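In this note's numbering, the protein residues as written are 27 to 236.
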């Protein structure tokens, strides 16, 4: 009788051990699944950040191309049939990705929507780079209209002008309190859009003066 009771007790213990083992196994499986998902999510985030950073770096090529275009065309006469004045006084469209007047998003409009609605047809697109990014840029002269930036009716964002003479002090004066003559420069805003792998999209802006 005692032997049967002992045997029955050992059988119950084995059943409990089996149940506990199954519970631990299920918990470990769930933990492994959670770990795999966490690692996968981390890799996806890291990959997306890498693509975003690559797109931002590629934007530098657009900025440099835009600056070269501005420098090459600064002071050059406009083509026949174009608006009167220099090349930079007239919209050049996709030929140079250049607009002689300023446009900005309205209200809550994002730059992405503004680009698609107002700038995409004037954008200059470069060849796809080795990272798979396509760079487009638009140059906007910060003036209210086309025409000469020196025209008083055309409001342009310019650097302060300085005339030679004497002054009481300040950053425009040398150590002898002579006012340093300076020519006012017109500002240009370069907006660059980069489209890359995994639907990566980046917008950067740079302002330069000529």
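Just so it is clear, CB atoms sit at the ideal spot from N, CA and C, and this is done for glycine as well.
On a predicted model such as this, the values are computed, not experimentally measured, just so you know.
Judging by CA-CA distance, which residue of 176, 154 and 182 is the nearest neighbour of residue 219?
The residue from 176, 154 and 182 with its alpha-carbon nearest to that of residue 219 is 154.
Whole-number beta carbon distance between residue 159 and residue 64, since they are thought to touch under 8 Å:
Contact between residue 64 and residue 159 is absent: CB atoms are separated by about 29 Å, not below the 8 Å threshold.
Going by the beta-carbon positions, is the gap between residue 215 and residue 168 smaller than 7 Å?
For the pair residue 215 and residue 168, the CB atoms are nearer than the 7 Å cut-off.
Once the 5 residues before and after residue 180 are set aside, which same chain residues still bring their CB inside 7 Å of it?
Excluding the 5 residues flanking it on each side, residue 180 has same chain C-beta neighbours closer than 7 Å at 169, 170, 171, 173 and 174, in chain order.
Environment of residue 132 [buried if 16+ CB atoms lie within 10 Å]:
Residue 132 comes out exposed.
For residue 161, does the three-state DSSP call read helix, strand or coil?
The answer is strand: DSSP assigns residue 161 an E or B state.
Residue 53 by DSSP, collapsed to three states: which one?
Residue 53: helix per DSSP, three-state reduction.
So residue 138 is in the alpha helix (DSSP H); what residue range does that whole segment cover?
First-last of the alpha helix (DSSP H) with residue 138: 137-140.
From 213, 42, 111 and 62, pick the residue whose C-alpha is nearest to that of residue 165; which is it?
Ranked by Cα distance from residue 165, the first of 213, 42, 111 and 62 is 213.
Taking the alpha-carbon of residue 147 as reference, which of 47, 162 and 156 has the nearest alpha-carbon?
For residue 147, the closest alpha carbon among the candidates 47, 162 and 156 is that of 162.
Along the beta strand (DSSP E) that carries residue 215, what are the first and last residues, could you check?
Residue 215 -> beta strand (DSSP E) spans 213-222.
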